[in-house]
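Remarks on the structure that follows.
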Ligand SMILES: [Zn+2]
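So, in structure tokens, the structure goes:
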């Protein structure tokens with residue numbers, strides 16, 4: 118009886134690895150149990166027997182990544198991205214859990230639309246997809262009280278949804294969930310639209326830095342005296358000034374790779390491919406943002422992966438850029454030389470802190486009996502970003518032609534290989 122059970126137990130040995138273990142790097146082997154989806158053993162000497170062995174030759178194993186901000190579209194916009202292609206892109210980027218934003222053509226704000234998204238997400242193997250619910254006037258009341266992840270738009274962006282700041286306050290009193298908020302002040306944007314023509318060149322002037330700061334200040338002023346059950350989280354912060362305000366109030370926030378690694382000057386080359394909301398900022402602001410990350414001032418990095426087709430970008434000048442597959446290589450590349458301190462910052466921002474914010478049951482640590490959600494990185498691998506090579510359906514990147522050092526080569530989700538580029 119035991120033998121027949123053992124026959125079914127599939128064990129994968131990741132041999133000769135550098136392992137991120139209790140915030141240090143150790144050299145050893147990780148045994149993964151595919152049946153339970155758990156890490157079976159971590160050993161320094163190679164004594165484990167396994168059904169399959171991969172010799173990693175010193176490559177680095179870190180906890181897999183979690184992206185709390187993606188737009189996977191699908192449904193009416195499956196020409197841009199589907200849950201399937203988005204999950205493949207995520208796995209190739211080293212992610213095993215991603216959160217999908219609700220601002221679809223038919224927004225996720227009812228049990229019916231949520232169930233449809235969950236059902237579709239459940240069919241996907243390569244990456245876990247968790248939908249957000251949209252908080253606006255049409256949101257089903259039971260979802261506000263009971264669903265753990267919601268999104269509010271103080272400033273209008275893709276989808277033209279708008280949430281009033283008073284609705285955000287009401288949510289935080291009523292719900293114990295996480296509420297991610299897009300902070301750009303709509304009134305200021307509308308006033309700027311009276312001053313500047315709505316052209317690509319003026320995008321950064323219309324959605325100017327003060328639009329972000331004002332929206333954050335207004336939100337915090339409105340919510341300051343209420344007893345909150347819910348957790349407030351500010352999406353895609355772009356300015357050191359915003360970071361200072363949020364730190365002083367102990368509010369969670371995220372920063373994107375495009376605001377960390379691109380700036381206004383890149384727009385000459387990028388054109389509409391550099392258009393997103395909030396927009397790219399000045400070179401000086403970008404520098405301050407990167408310094409803030411290196412000074413451990415940024416808790417979470419999220420990609421805001423927002424695929425549009427090349428044609429849509431050109432013809433309609435839509436805002437948003439894809440980012441799932443380039444996020445980790447950009448961080449590894451631009452943080453080199455990658456000492457232990459910087460490595461810890463990256464792992465915290467992409468693997469540990471997102472799990473904590475979203476209350477995921479797994480902690481993102483590599484120890485026996487934890488879920489085997491692992492990302493293997495080849496720190497010596499150099500690769501040029503080519504849109505046509507990407508798994509995302511939109512097949513382009515604002516980093517087209519960039520040669521980056523340090524790439525994910527193997528992603529394991531719940532003990533099973535989700536991506537393999539070894
Ligand atoms: Zn977004």
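Numbering (my numbering), first residue to last: 118 to 539.
Positions of the beta carbon are idealized from the N, C-alpha and C atoms, including for glycine.
Remember, predicted model here, so these are calculated numbers, not experimental data.
- Cβ neighbours of residue 325 within its own chain (closer than 8 Å, five residues either side excluded): 305, 309.
- Restricting attention to alpha helix (DSSP H) runs no shorter than 4 residues, the segment 213–253 encloses them at 228–239, ordered along the chain.
- Restricted to the segment 283–345, the beta strand (DSSP E) segments that are unbroken, complete and at least 3 residues in length are 295–299, listed in chain order.
- Your pair residue 379 and residue 397 checks out as a contact, with CB atoms roughly 5 Å apart and the cut at 8 Å.
- Separation of residue 136 and residue 492 (C-alpha to C-alpha, rounded to the nearest whole angstrom) is 10 Å.
- Taking C-beta atoms under 8 Å as the contact rule, residue 244 and residue 214 qualify, at a distance of about 7 Å.
- Between ligand 1 and residue 423, a heavy atom-to-CB distance of less than 7 Å is present.
- Under the criterion of beta carbons closer than 8 Å, residue 448 and residue 525 do not qualify as touching, at roughly 11 Å.
- Judged by DSSP secondary structure, residue 135 falls within the beta strand (DSSP E) whose first and last residues are 128–138.
- Per DSSP, residue 266 is one residue of the beta strand (DSSP E) stretching across 266–270.
- Taking C-beta atoms under 8 Å as the contact rule, residue 153 and residue 481 fail to qualify, at a distance of about 18 Å.
- Using a Cβ-Cβ distance cut-off of 8 Å, the segment 379–390 and the segment 511–519 are in contact, since at least three pairs of beta carbons, one from each stretch, lie closer than that value.
- At a Cβ-Cβ threshold of 8 Å, residue 372 and residue 333 do not count as neighbours.
- Judged by DSSP in its simplified three-state form, residue 465 adopts helix.
- One thing to note: residue 346 has its Cβ within 8 Å of the Cβ of residue 292.
- Close CB contacts of residue 255 within its chain, under the 6 Å cut and outside five residues either way in sequence, are with 226 (chain order).
- Short of 7 Å from the beta carbon of residue 223, and not among the five residues preceding or following it, lie these beta carbons of its own chain, in chain order: 192, 193, 230.
- About 5 Å separates the CB atoms of residue 422 and residue 439; that is less than 8 Å, so the two are in contact.
- Between the alpha carbons of residue 468 and residue 323 lies a distance of about 34 Å.
- The Cβ neighbour count for residue 530, taken over all protein chains shown within 10 Å, is at least 16; the residue is labelled buried.
- Beyond the five residues adjoining it in sequence on each side, residue 377 comes within less than 6 Å, by CB distance, of 406, 407 in the same chain, given in chain order.
- When distances are taken from the beta-carbon of residue 475 to the heavy atoms of ligand 1, even the shortest one reaches 7 Å or more.
- The DSSP-derived three-state label of residue 497 is strand.
- For residue 184, the enclosing beta strand (DSSP E) stretches over residues 182–187.
- Exclusion of the five residues before and after residue 486 leaves 155 as the residues of its chain whose Cβ lies within less than 6 Å of its Cβ.
- In the three-state scheme derived from DSSP, where H, G and I count as helix and E and B as strand, residue 525 is classed as strand.
- Here residue 290 has 343 as same chain residues with Cβ atoms under 6 Å from its own Cβ, once five neighbours each way along the sequence are excluded.
- DSSP places residue 400 in no beta strand (DSSP E) but in the uninterrupted alpha helix (DSSP H) bounded by 400–411.
- Here residue 520 is bridged, per DSSP, to 501.
- Exclusion of residue 196 from the 7 Å shell around ligand 1 follows from its C-beta lying no nearer than that to any non-hydrogen atom of the ligand.
- Residue 169 is bridged by DSSP to 129.
- In this chain, residue 508 is not harboured by any beta strand (DSSP E), its DSSP state being neither H nor E.
- Beta bridge pairing from DSSP links residue 371 with 417.
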